[in-house]
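For reference, the structure is listed below as structure tokens.
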Amino acid sequence: MIRKILLLLTLLSCVSTTVHADELAKQQYIHMQVNNLTDAFNQLSRVFGVAFVASRGTYTKPQAIDLVGQYSVTQALQKILKDTPYSYQVTEYGIVVTDSVASEPAKQDSVIDEVVVTGIQASLLRAQSLKKATVEISDVIVAEDIATYPNINTAEALQRIPGVVITREAGEGRQVSLRGLSPDFTLVTVNGMPVLANNDSPMDSRVQKQHDRSFDFNLFSAELFSQTQVFKAYSVAQPAGGLAGTLALRTTRPFDREGFNFVLTPQVSYNQYTEQPAERFSSMVSNTWGEWGAILSVSYGKRLVEEQGANTIRWRKISLPQSSVALLSPELQTAFTQGEVIIPRGNRYSIWRSEQSRLGIGGGLEYNGKKVQVNVDLLHARLDSQRDEFHLYPRGDQSTPIIVGVTQLSDAQINEQSELEYSAYQNGRVATESRYQRTQTDYNQVVVSATLNVSQYRRWKILIGEEKSTFNIPISNKIYTRGISDVSIDYRDDRYFADIQYASDLRQDSMWHMSEIDLEEYASATHYRHAQTSVSQQLFDSLNIEWGLEFNRFTTFSSSTYQSDLLKEQWASNDTALPANMTRLLNSHSNVSWLGLKTNQAIQFFSLNPYNLIANPYAITNKKSQLREDKSAAYISANWQTDRLTIQAGLRYQQEKINVTLDSIEACCSAEQHQQWLPSVNLVFQPRAQWILRLGLSRNIGFPSFDDLSSELAYDEQNQIVYGANHQLSPYTSNNVDIAVERYIEQHTSISVNAFYKNITDFIVPQATQVTFGETNLPNHWADTNLDASTLVTLVNKTNQERASITGIETMLRYERPDLPKPWGNMGFIGHYAFTDGQMTYYNELTAQPLFDKAIPNLSKHTASLTLYYETERLNARLSATYRDRYIYRVNSANLIDEDETGFHQTTYLDASVRFKLNDQWQLQAEALNLTNEREEQYSSSQDRAYNSTTSGSTFYLGASYRY
């Protein structure tokens, strides 16, 4: 009896797919030819969608089983188990197979050292069960799914959920966007509390030193988490702030898999660009003792990554001097001197290299008593990078190759859009840029949560947590060189990747002379302290009431210190040679080789300190900002449930108090307080066992960006415009409608369709007001100008005054035919497609004038993914394709002379993974990421001109996994 109870409890804890009587009676075509009972149970599980549990041992003994025809699951079991010592028991949650002759007390009381749980792709079943059990519209990825997909980090696992897209950096996922909105609007929680961690991109075009509300997922290895749930519909018990949605991550806990467990997974990898092996391993050890459990997970990886490509400093109409175009036809001379030609500037070949090390440590203690459950979850992550960046490009007058009075434009071709698509220069200015950065992101979090079952009808929960994250760039140094060479720039064959040819030997020291040096340091930090408590009370069999309180303090700061244009004037007047033995040959770019510098050593050669700016005899510029948000909330929610209908309705009162401090206006900054009432209604209706209909009505908020809250003061004396900060900005508000239809067909096939609408108000845009400077209440930092209290100025600052809306449809289909004979019965696919549409009005940040209506930043109209898989008892293979449509990245008012927008073209990433199970302990695995070496193309302006096109190479992993 005890043995059967243990088996049943194991089944309940592992797979929660309810078995209905009509499913047991339904007949399916079976074509079974296997050699043991374990394989037979596995095939029956796949065909009928029923979970099996069996104790380890005799079921793997050889036994020829040949079963072909139409059978119900019970009929099939009766035939398979006939003349064997085994029997089966149908439970509400699955089928337990036991030894029917094991009646001796010693056998009955023996501990089960291992169970075999088989199901229709167990990971998909668990994720499906969590999704069905959640009242709000959501999607789930569980640990097995995260592990079996080819993923480096958590972001890459999430991209296979409808409505979820990611941005990439150096070939791996970095940030996550939900439903067409900026990553700033996605709230991330880890173990129940909001968190935030930033790092950045080494590329200016993708924004360096990023300090915002978007979470950078490349900090975390995927192995640290047991599940991720994406809440697309809001309920009042969730923390506010996820206007786009909430990503709820949970680390692995001891009772996720009871007993003693040990897992070790070493891997090595190879990238086609770096051609150097990289290492990666993860390990987990856990144990449970009665009601107590402990776990420790460690993940570590070290790799050298390289991204290379071609880029511009955007395109612009430029008037060239007559002396530089004298060799051209009269018509071309007129076009160039009159500024009628749109000329690509910069035209760089670039290499970005990064030596990364990523460490993740997760730990936990768990007490799982009958009345009290307590969890202590610890998480530490660290991402260190040493980045080298190299550029080769023409860098003369107005970022063209021209040296006025020296360079001649000898040939040119202009297309129908007046764009210079081919040009050849004699004696053009060329330059190199060598950069070194050291970056470090640290993340530390502790969460203590407890649940007390006060009585049969009352439950009390409490959670207290703290999270700190720092992002530092203690060293960010650039050194430039210059030279002269004939050069041609050709966009005729590839509009987004120029063919740039240099006549001189760029690998010779004598070709180059010193130009200038830039030094910089940067630091930012975020800190969350969070507490929440709730009490749920069952009033009637069908009615449950929950009320709760939440308190949160969030602080963040950033500091940037730099010295620019060092030695520029001195080197401009003479040809200073490169320092001896401090050069490096750069030959990894696919188009050209050139000579770069060992950045820090070369800077030291010229008596400058690259590691401590204060030690240098030059002026230092420093900018700092600090922000604190105190949030508190109270909510009440009612949950009414019958056999077919569940209604969850609630109301949340949310309050925020914001303090902003800037170096320039510390004296004028004061706290601002905001209040919101956030209602939600979520309805689930199950007209039949295989159908689920959902409806969500809610209001949620999104918090202003750090840049909007802490923008610097500035004064445009010529136009008498004052740019002021507005620390009284309110949160964005979104009224949401979510509808979902889910159809589950015999457990192995499902389809879902979600539709959503978001009406977003209080959109933050610039506003211009005519006032006297005295009326602005701003300090006068421009005493050397004619500005005084009576001066009439235009005050431009941010206000909540615009609105926007987003609509979308998300679909998902999972399909298998396990009733087919092998190999077809072992195959399946999961696919999703999402359509999202939404526009907003863009404003000129400098004049506060409306510009145009365009798609919301980060919104891709079409996104899709498709995963084909083949799975047997030993072999698991997946091929996955992920598509993202083109999207606008940003509109930068400072660059309107060049472009009205910048964004990215569509991409399709192809990944694969194969796992082969040698035995119960050992598994071999191989992964391939970015099989087609997809090119990331960032465009400039709605005219779709070249901006930054890069590739990062294909990466291959080979490893093994040991599980005890």
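Under numbering that gives the first Met the number 0, the first residue of the sequence shown carries the number 0, and numbering increases by one thereafter. Backbone N, C-alpha and C define an ideal beta-carbon position, used for all residues, glycine too.
Taking 8 Å as the cut-off, the Cβ atoms of leucine 246 and valine 229 count as close.
Here the alpha carbon of phenylalanine 47 sits roughly 25 Å from the alpha carbon of phenylalanine 684. Between serine 541 and tryptophan 639, the beta carbon gap of about 6 Å places them in contact (Cβ cut-off 8 Å).
Assignment of beta-bridge partners to valine 175 by DSSP yields Ile165. Between the beta-carbon of tyrosine 561 and that of threonine 620 there is about 6 Å, and that keeps the pair under the 8 Å contact cut. Valine 371 and arginine 458 have their C-alpha atoms spaced approximately 10 Å apart. In this structure, the beta-carbon distance from phenylalanine 224 to threonine 185 does not fall below 8 Å.
Contact between the region 253-267 and the region 403-416 is not established, with fewer than three Cβ pairs separated by less than 8 Å.
With 16 or more other Cβ atoms inside 10 Å of its own Cβ, tryptophan 570 counts as buried.
Rounded to whole angstroms, the gap between the alpha carbons of threonine 431 and tryptophan 511 is 9 Å. Taking a 10 Å sphere around the C-beta of serine 789, we find fewer than 16 other C-beta atoms and assign the residue as exposed. Unbroken beta strand (DSSP E) stretches of 3 residues or longer found wholly inside the region 830-859: 849-854, given in chain order. The Cβ atoms of asparagine 310 and serine 220 lie no closer than 8 Å to each other. Considering only Gly359, Gly338, Tyr722, Asp203, the residue with the shortest C-alpha distance to lysine 316 is Gly338. For glutamine 920, no beta strand (DSSP E) encloses it, and the DSSP letter there is neither H nor E. In the displayed model, serine 204 falls within a helix according to three-state DSSP. A distance below 6 Å between beta-carbons, with the five flanking residues on each side excluded, links alanine 724 to the following residues of its chain, in chain order: Ser710. In this structure, the CA atom of glutamate 278 is about 29 Å from the CA atom of asparagine 590.
Taking a C-beta distance under 8 Å as the contact criterion, serine 960 and valine 262 qualify as a contact pair. By the neighbour-count criterion, in which a residue is buried when 16 or more other Cβ atoms sit within 10 angstroms of its Cβ, tyrosine 87 is buried. Excluding residues up to 5 positions away in sequence, Tyr233, Ser234, Val235, Gly649, Ser697 lie with their Cβ nearer than 6 Å to the Cβ of serine 679 in the same chain. Taking each of Ala618, Arg437, Asn718, Val403 in turn and checking the Cα distance to threonine 598, the smallest one comes out for Arg437. Counting other Cβ atoms within 10 Å of its Cβ, serine 859 reaches 16 or more and is therefore classed as buried. Taking a cut-off of 8 Å for Cβ pairs, the region 386-405 and the region 342-351 touch, as three or more such pairs fall below it.
Residues of the same chain with a CB within less than 6 Å of the CB of valine 447, apart from the 5 flanking positions on each side, are Val375, Ile463 in chain order.
DSSP places lysine 567 in the uninterrupted alpha helix (DSSP H) bounded by 567-571. By the CB criterion at 8 Å, tyrosine 946 and arginine 313 fall inside the cutoff.
Taking C-beta separations shorter than 8 Å and ignoring five residues to either side along the sequence, the partners of phenylalanine 762 in its chain run Tyr731, Asn799, Gln800, Glu801, Arg802, Ala803, Met839, following chain order. DSSP lists no bridge partner for histidine 904. In this structure, DSSP gives lysine 131 a helical state, which the three-state scheme calls helix.
One Cα belongs to glutamate 741, the other to glutamate 815, and the distance between them is close to 17 Å. Minimum Cα-Cα distance from phenylalanine 216 among the listed residues Thr575, Lys622, His526, Ser176 corresponds to Ser176. Of the candidates Glu628, Gln226, Glu520, Gln226 places its Cα closest to the Cα of alanine 126. Per DSSP, proline 329 is one residue of the alpha helix (DSSP H) stretching across 329-336. Within the DSSP secondary-structure output, tryptophan 511 pairs in no beta bridge. DSSP places serine 523 in the strand class (E or B) of the three-state scheme.
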